[in-house]
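A.B. asks: Sequence lines, in order, name chains A, B, C and D.
All the letters of the first sequence, read from the start, carry residue numbers 127 to 626 under the numbering used here.
All the letters of the second sequence, read from the start, carry residue numbers 127 to 626 under the numbering used here.
All the letters of the third sequence, read from the start, carry residue numbers 56 to 225 under the numbering used here.
All the letters of the fourth sequence, read from the start, carry residue numbers 56 to 225 under the numbering used here.
All C-beta atoms, glycine included, are put in the ideal place defined by N, C-alpha and C.
The structure under discussion is supplied below as structure tokens; questions concerning it will follow.
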Amino acid sequence: MSKPPFKRVLIANRGEIAMRVMRTAREMGIETVAVYSDADRNALHARRADIAVHIGPSAPSESYLRGDKILAAAKQVGADCIHPGYGFLSENAAFSDACEKAGVVFVGPSAHAIRLMGDKVEARRAADAAEVPLVPGLKDDVRDDAVLIEKAAEIGYPVMLKAAAGGGGKGIRIVHEEKKLLQAAELARNEARAAFGDDRVYLEKFVTRPRHVEVQIVADQHGNVTAFGERECSVQRRHQKLVEESPCSVVTPELRERMCDAAQRLARAVGYVGAGTIEFLHSEGEFYFLEMNTRLQVEHPITEMRFGVDLVREMFRVAAGETVMECPEPRGHAIEIRINAEDPETYFPSLGSIRRLNMPGGPGVRLDSCLYRGMEVTPYYDSMLAKLVVHAEDRPRAIERAIRALQEMRLVGVATSIPVALRALQSELFRSGDYDTSILEKIDRRPPAEMIDVGMLAAAVGHYLHTEEVAAPSATDGLGPRMPMWKVVDRVERLGRRPL
Amino acid sequence: MSKPPFKRVLIANRGEIAMRVMRTAREMGIETVAVYSDADRNALHARRADIAVHIGPSAPSESYLRGDKILAAAKQVGADCIHPGYGFLSENAAFSDACEKAGVVFVGPSAHAIRLMGDKVEARRAADAAEVPLVPGLKDDVRDDAVLIEKAAEIGYPVMLKAAAGGGGKGIRIVHEEKKLLQAAELARNEARAAFGDDRVYLEKFVTRPRHVEVQIVADQHGNVTAFGERECSVQRRHQKLVEESPCSVVTPELRERMCDAAQRLARAVGYVGAGTIEFLHSEGEFYFLEMNTRLQVEHPITEMRFGVDLVREMFRVAAGETVMECPEPRGHAIEIRINAEDPETYFPSLGSIRRLNMPGGPGVRLDSCLYRGMEVTPYYDSMLAKLVVHAEDRPRAIERAIRALQEMRLVGVATSIPVALRALQSELFRSGDYDTSILEKIDRRPPAEMIDVGMLAAAVGHYLHTEEVAAPSATDGLGPRMPMWKVVDRVERLGRRPL
Amino acid sequence: MKYFAKFGDIEREFHFDRSGGQLRASCGDRSWNVDLAMVGDGAFSLIVDGRCYDCLIDREEGHSVVQVRGERMVIDIEDERERAAHALASARTGGRQIIEASMPGIVVDVKVEVGQRVEAGQTVVVLEAMKMQNPLAAEADGIVSSVLCKKGLAVAGGAALVEIDPPPEG
Amino acid sequence: MKYFAKFGDIEREFHFDRSGGQLRASCGDRSWNVDLAMVGDGAFSLIVDGRCYDCLIDREEGHSVVQVRGERMVIDIEDERERAAHALASARTGGRQIIEASMPGIVVDVKVEVGQRVEAGQTVVVLEAMKMQNPLAAEADGIVSSVLCKKGLAVAGGAALVEIDPPPEG
């Protein structure tokens, strides 16, 4: 093993991303330090790290969002760097600053870059200056109702109101007609204030047939910025991504080059260092800057599989002052499916205990997860439990592989997003490649008729065999030996449901 | 999905390879038919197929080796092709013939090619004719003791006696001095007769510092033969491979080209169609033909990961008359570890029930397995339960990734080859790349001192907490809440041990 | 005996018949040869007219959760006897609605008081879970008879929050 | 109380001491702060002087199977009381050896008869399992007192196959 760039990393996160970062750190010979809240005492990331530090109660505001506690833990165990993952403190400029002051390397961009890109209005200004195309709209928050109405009319309805401090689809309102504009602005400000403590909102055109296409970059401290192609993330529900793929079917080589150039230009313009994602809105052959996420993105593995790279390794390397790698030739097609604990009908979170677990496997399948049998899905954290990522020679094969792997994966204890992802992948709309962010609203989300037949029959025959046994436990008609099995299964289930 | 080359495949195998073939078939839209013996009634391959046919008692000779029953099953369910996997009927010429006569496509080479390559003496003759280098030795079985002694002296000791009908390391004897030659020949013949029903043995030079390096080819019906580089398979115990990697550290581009050329030449010379592997003995910069395996090889996934191809898909395609793909550019380094149910000290099989299962995951990790919780490891079949395959940018990273993934994987219920594989991967000898087939005899196979400390301490503290609880179940000293957990664990374990 | 299965808005009635060691299921004018064998760890191998389905069946009170080929279906299932018993129990509650927490979470708003008249679809409680606010609405018109929660209360999934009596007749 | 752990040829004696809610383990001149918490599903989180080890501990009769970071160690473990009890039990059997099936398999050869004298290392039974023939040998010299199997018999793992009494004194 070559000399590790760091001695010991504190991973200021939980869930699958903590596992993700830990895996690469271990492979690089960097010792790993986990932090955990009360609810995560038994979590995989806390168990698998070399050192684990308890940082407080279950609420994120008292644990994973407490930069002071996390920095104290890092000092206590002698960590020489902190990897923030995504979410939590990953885009917190004050935390990046505090790390620097404490002499602990923050594996991510400078506080300046985070601050600049974290403010949507500032970010648009920077993008504009770097000649990155913007969606027609206002660069500033407008508080004057009359001006707002006038500008919205100029841009043309439908328009969008977005929280300046927002992200991840939160705090967005679409307005289709003038008479609803002011009320929507009021609500958007209230939501923004509640969610981010910052009520600034800005106005922009709501583009038609929008696709969400983003470019992955990694920048080093020597001014090099490598762009690792694009990701297509338009399969969304509640403005949250569900299925991502790379490459994007409608991005031509010429457009790809323009998008990558724009992304690199912006990263250079803001002196960016680390992994980052420039999100674009793609509409009818054009692209517009949406925002820059100054952190590792949930869907980074599709880029990794396609380019044969380890982005977390690159993050550690550039954080230590090494030079970023050049972009290798991409190969084939990759798809990621987020496995969330949620009701596939309502998208509401589904809480419970993971009582059984069947993992997918075989060629071209990668599973990034924090799942273990007995795991409790609590209301404290994000509902994403795992990411299933597949890679194949081309898009049609990758789709079939993703379907096959999803059909192998099973979780007992919570409802998941698997059936919805299956519907999307099986839909003609997705297969055509010609879809936009409205895809999930357009497809039929019910199981195929054959599966409904099988499911109802399975439930009925199961009930029949069970009641038959209860009614006549000593009956023997040649099928006898099967019946006592129900007893076993019930016993196992009852035991399985106990908190272990 | 493009039109599948077949409608319905019967997979004449079990275990991980049946799952492997099934996965690709499903992705191609080919319906899958499993066959299963009594012992495999609950096996994953039988459950996951579209159709499953029971073919007899647990002993392979009464089920998986019964070509007649399997062909009858194929006719019964209307399968238009049969994939034999590896082992069992995969290199049975009579079965390939029978399939052809019955109008069912055998997804593999012709009976002629199987017969030719299955006979070691004939295979050497064919290789010689195709100008593929051979290990110095005799091309024929010699029954005259005096001639045998004379020829062995000519070749020079140590010499090797190999069963003509053998394979997979079975029926091999090494002779270091003349006085042991005749006795060894006698034993080799007896073993060969018992194992293969054919007592012919042949003699060849036992080469020094031998490495086992093989070339993967796929040939189509139009005379095209694609070589997908080499695999290094020298980490063996009991002449059985344990760890394989691709590429081989000591194969230069020039040597690789010569080896691939030789492999393609031989495949063309015998009119080969399908996937095949030409095994070479590599010694001090030279290579010699060992044998050709006329089937899919256990270790094919390292080739798949490095070249980004699906070899099972290619097999189906060429069996249907399609043209074999050209070889893409390889990328990075891949390593496979066979997870066998065996005692890591004695390499004896370890039987039992898989009571718990933790699967590895994350970047660059592929798991091909037939494992499920509750699975019984029976004495009837091969002890290989799974194959862990990793891929990374280069060899050092692939080694670290393999170690990391192995450390994540856990099976409760049987002993496995995982610790031995870890020792090999962690050894300086393996890391240097300069190893040969004796590597496992040369390395220390004990766990690292830290792990022995941790293991003994864990066992002792576990026992302490358990006896303390038994002695004073109502004791409370601040650590009280932990103690009742032992009760739960014992209960779960007891239940887990019941046959479900 | 009849078996009633319900999945979403699909309702089916199954009959079973055993003869010669073979189990036959029928539903309307369709019928199948069926075999269901327990494999262990919650898995069942279901064979329907020779086709295999590797199912996970999780039997719970009044319904089964069936997982097969990536699908997860919550299927209400009851036999004739159970249906009769349920009908009786339902008649006893006399149309009272109980608004339950759809998931564990925190009550962030209680929009009604005891005695208040509510309409079908009207939000009565707002529950926050997984960082999202979820309004819980009355299913039918009625009058709030009791409020069992208050703002800030952490509640378990399925907890009763508000009870609503049917409106007075006429 | 002392706890005796044995792994291969390594034997260690552990002592435990509790004070102030902290468990301290010692072995010879080494000692550690130890915490062992059950996580569920056989997993235990072991913390030794602040370092985490995610262990699987499978307690069986007389030994524990510990799995940690890819290692799997079968560790004989007994406390003082058990050791005394075992010594007593061992004295009672008077040195009789019982040759057991090392794994489930089929007896393919029985090489000894009752009354036959055998030497340490001598093969008494050949067991076939996983397509391999495994010779089972006497551990010490003695005289075969009973043969509990015959050729062709399928036996379970751990089944007693042959009993060997110690040789007569002198």
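Which runs of the alpha helix (DSSP H), 4 residues or longer, sit entirely within the stretch 181-266 of chain A?
C.D. replies: Whole alpha helix (DSSP H) segments, 4+ residues: 193-203, 219-228, 237-244 and 246-255.
A.B. asks: Note down, in chain order, each residue of its chain lying with its Cβ closer than 8 Å to the Cβ of T542 (chain A), except the 5 sequence neighbours on either side.
C.D. replies: Taking the first sequence and counting its residues from 1, one reaches residue 542 (chain A) at position 416. Contacts found: I465, N466, A467, E468, P470, S476 and L511.
A.B. asks: Would V180 (chain D) pass as an interface residue toward chain B - the criterion being a Cβ-Cβ separation below 8 Å?
C.D. replies: The sequence position of residue 180 (chain D) within the fourth sequence is 125, counting from 1. False, the Cβ-Cβ gap to chain B never drops below 8 Å.
A.B. asks: Does R140 (chain A) come out as helix, strand or coil in the three-state DSSP assignment?
C.D. replies: Start at 1 with the first residue of the first sequence, and residue 140 (chain A) comes out as number 14. If DSSP states are grouped into helix, strand and coil, R140 (chain A) belongs with coil.
A.B. asks: Between A178 (chain A) and chain D, is any beta-carbon pair separated by less than 8 Å?
C.D. replies: Here residue 178 (chain A) corresponds to residue number 52 of the first sequence, with the count starting at 1. Yes, A178 (chain A) lies at the interface with chain D (some Cβ there is under 8 Å from its Cβ).
A.B. asks: If you measure from the beta carbon of N139 (chain A) to each beta carbon in chain D, is any gap under 8 Å?
C.D. replies: As a working mapping, residue 139 (chain A) is identified with position 13 in the first sequence. With 8 Å as the cut-off, N139 (chain A) does not count as an interface residue toward chain D.
A.B. asks: I need the DSSP call for C496 (chain A), collapsed to helix, strand or coil.
C.D. replies: Position 370 of the first sequence, counted from the first residue, corresponds to residue 496 (chain A). C496 (chain A) falls in the coil class under three-state DSSP.
A.B. asks: Within its chain, find whatever has a CB closer than 6 Å to the CB of C82 (chain C); leave out the 5 residues flanking it on each side and keep chain order.
C.D. replies: Counting from one through the third sequence, the residue named residue 82 (chain C) turns up at place 27. For C82 (chain C), where only same-chain residues beyond five positions count, the Cβ hits under 6 Å are R67 and F69.
A.B. asks: Can you tell me the Cβ-Cβ gap for G204 (chain D) and L216 (chain D), rounded? I've got them flagged as a contact below 8 Å.
C.D. replies: Working through the fourth sequence from its first residue, we reach residue 204 (chain D) at position 149. Working through the fourth sequence from its first residue, we reach residue 216 (chain D) at position 161. The residue asked about is misnamed: residue 204 (chain D) is Cys in this sequence, not Gly. With 8 Å as the limit, C204 (chain D) and L216 (chain D) qualify as a contact, their Cβ atoms being about 5 Å apart.
A.B. asks: By the DSSP assignment, the beta strand (DSSP E) with Q122 (chain C) in it spans what residues?
C.D. replies: Here the question's residue 122 (chain C) lines up with position 67 in the third sequence. Per DSSP, Q122 (chain C) belongs to the beta strand (DSSP E) from H118 to V123.
A.B. asks: Taking only beta-carbon positions, decide if P599 (chain A) is within less than 8 Å of chain C.
C.D. replies: Numbered from its first residue, the first sequence carries residue 599 (chain A) at position 473. Note that P599 (chain A) scores 43 on pLDDT, short of 50, meaning its location in the model is unreliable and no value can be drawn from it.
A.B. asks: How is T429 (chain A) classed by DSSP in three states: helix, strand or coil?
C.D. replies: The sequence position of residue 429 (chain A) within the first sequence is 303, counting from 1. DSSP places T429 (chain A) in helix when its eight states are reduced to three.
A.B. asks: With distances taken Cα to Cα, identify the nearest neighbour of A585 (chain A) among C:A146, C:G117 and C:Q152.
C.D. replies: In the first sequence, the residue the question calls residue 585 (chain A) occupies position 459. Selected option, being the one with the closest Cα: C:G117.
A.B. asks: With DSSP collapsed to three states, give me the class of E66 (chain D).
C.D. replies: Translated into the one-based positions of the fourth sequence, residue 66 (chain D) becomes position 11. Here E66 (chain D) sits in strand by DSSP.
A.B. asks: Under three-state DSSP, which class holds R167 (chain B)?
C.D. replies: By 1-based counting over the second sequence, the position of residue 167 (chain B) is 41. It is coil, neither helix nor strand.
A.B. asks: When the Cα of I240 (chain A) is compared with those of A:V231, A:F221 and A:R523, which residue comes out closest?
C.D. replies: Looking up residue 240 (chain A) in the first sequence gives position 114. Checked all of A:V231, A:F221 and A:R523; the closest Cα to I240 (chain A) is A:F221.
A.B. asks: Among the candidates A:Q309, A:L392, A:V540 and A:G193, whose CA atom is the shortest distance from the CA of L215 (chain A)?
C.D. replies: Start at 1 with the first residue of the first sequence, and residue 215 (chain A) comes out as number 89. Among A:Q309, A:L392, A:V540 and A:G193, the Cα nearest to that of L215 (chain A) belongs to A:G193.
A.B. asks: Exposed or buried, Q274 (chain C), counting other C-beta atoms within 10 Å across all chains shown (16 or more means buried)?
C.D. replies: Only positions 56 to 225 of chain C appear in the structure, and residue 274 (chain C) is not among them; the question remains open.
A.B. asks: Could you check the C-alpha separation between V121 (chain C) and E502 (chain A) for me, to the nearest Å?
C.D. replies: Walking along the third sequence from the start, residue 121 (chain C) turns up at place 66. Walking along the first sequence from the start, residue 502 (chain A) turns up at place 376. The straight-line gap from Cα to Cα measures roughly 21 Å.
A.B. asks: For C453 (chain B), does the three-state DSSP call read helix, strand or coil?
C.D. replies: Locating residue 453 (chain B) in the second sequence gives position 327, where the first residue counts as 1. Looking at C453 (chain B) - three-state DSSP - the assignment turns out to be coil, as it is neither helix nor strand.
A.B. asks: Over the uninterrupted beta strand (DSSP E) stretch that includes C82 (chain C), give me the two end residues.
C.D. replies: Start at 1 with the first residue of the third sequence, and residue 82 (chain C) comes out as number 27. Note, C82 (chain C): beta strand (DSSP E), Q77 to C82.
A.B. asks: Which same chain residues, not among the five before or five after A601 (chain B), have their C-beta less than 6 Å away from its C-beta?
C.D. replies: The count along the second sequence starts at 1 and reaches residue 601 (chain B) at position 475. With a pLDDT of only 39 at A601 (chain B), under the threshold of 50, the placement of this residue in the model should not be trusted; the figure read from the coordinates follows. Around A601 (chain B): no qualifying Cβ.
A.B. asks: Any beta-carbon of chain B closer than 8 Å to the one on V103 (chain C)?
C.D. replies: Taking the first residue of the third sequence as 1, we reach residue 103 (chain C) at position 48. No, V103 (chain C) lies away from the interface with chain B (no Cβ there is under 8 Å from its Cβ).
A.B. asks: Pull up the distance between the alpha-carbon of G604 (chain B) and that of Y162 (chain A), whole angstroms please.
C.D. replies: Translated into the one-based positions of the second sequence, residue 604 (chain B) becomes position 478. Translated into the one-based positions of the first sequence, residue 162 (chain A) becomes position 36. For G604 (chain B), the pLDDT reaches just 36, beneath the cut-off of 50, and the residue's location in the model is therefore unreliable, leaving the point undetermined.
A.B. asks: Tell me which same chain residues have a C-beta within less than 6 Å of the C-beta of P223 (chain D), skipping the five on either side of it?
C.D. replies: Position 168 of the fourth sequence, counting from 1, holds the residue named residue 223 (chain D). Cβ neighbours of P223 (chain D) beyond the five flanking positions: none.
A.B. asks: Report yes if the C-beta distance between A547 (chain B) and L368 (chain B) is below 8 Å; otherwise report no.
C.D. replies: Along the second sequence, one-based indexing puts residue 547 (chain B) at 421. Along the second sequence, one-based indexing puts residue 368 (chain B) at 242. Yes.
A.B. asks: Check the Cβ of G500 (chain A) against every Cβ in chain D and list those closer than 7 Å, keeping chain order.
C.D. replies: Sequence index remark: in the first sequence, residue 500 (chain A) carries index 374 (1-based). Going along chain D in sequence order, the residues near G500 (chain A) (Cβ under 7 Å) are G95 and D96.
A.B. asks: Spell out the partners DSSP gives H459 (chain A) in its beta bridges.
C.D. replies: The count along the first sequence starts at 1 and reaches residue 459 (chain A) at position 333. H459 (chain A) pairs with A:A518.
A.B. asks: At what residues does the beta strand (DSSP E) containing D164 (chain D) begin and finish?
C.D. replies: For the purposes of this step, residue 164 (chain D) is identified with residue 109 of the fourth sequence, where counting begins at 1. G160 to V165 is the span of the beta strand (DSSP E), which, as asked, contains D164 (chain D).
A.B. asks: Is it buried or exposed, T334 (chain B), if we count other Cβ atoms within 10 angstroms and call 16 or more buried?
C.D. replies: Here residue 334 (chain B) refers to the residue found at position 208 when the second sequence is read from its first residue. By the 10 Å Cβ count, T334 (chain B) comes out exposed.
A.B. asks: Please determine if the stretch 250-260 of chain A and the stretch 384-392 of chain A are in contact, where contact requires at least 3 C-beta pairs separated by less than 8 Å.
C.D. replies: Short answer: they touch.
A.B. asks: Counting only beta-carbon separations shorter than 8 Å, does R106 (chain C) have a partner in chain B?
C.D. replies: Indexing the third sequence from 1 puts residue 106 (chain C) at position 51. Answer yes: the Cβ-Cβ gap between R106 (chain C) and chain B drops below 8 Å somewhere.
A.B. asks: Verify whether the separation of the beta carbon atoms of E317 (chain B) and A290 (chain B) is less than 8 Å.
C.D. replies: As a working note, residue 317 (chain B) is residue 191 in the second sequence. As a working note, residue 290 (chain B) is residue 164 in the second sequence. In this structure, A290 (chain B) does not lie closer than 8 Å to E317 (chain B) by Cβ.
A.B. asks: What does the alpha-carbon distance come out to for the pair C225 (chain B) and A138 (chain B)?
C.D. replies: Your numbering for residue 225 (chain B) matches position 99 in the second sequence. Your numbering for residue 138 (chain B) matches position 12 in the second sequence. The alpha-carbon atoms of C225 (chain B) and A138 (chain B) are separated by roughly 12 Å.
A.B. asks: Please decide whether D113 (chain D) counts as near chain A, where near means a Cβ-Cβ distance under 8 Å.
C.D. replies: Counted from its first residue, the fourth sequence places residue 113 (chain D) at position 58. With 8 Å as the cut-off, D113 (chain D) does not count as an interface residue toward chain A.
A.B. asks: Go ahead and label Q309 (chain B) buried or exposed: buried means 16 or more other beta carbons lie within 10 angstroms of its beta carbon, across all protein chains shown.
C.D. replies: Here residue 309 (chain B) refers to the residue found at position 183 when the second sequence is read from its first residue. Exposed: under 16 other Cβ atoms inside 10 Å.
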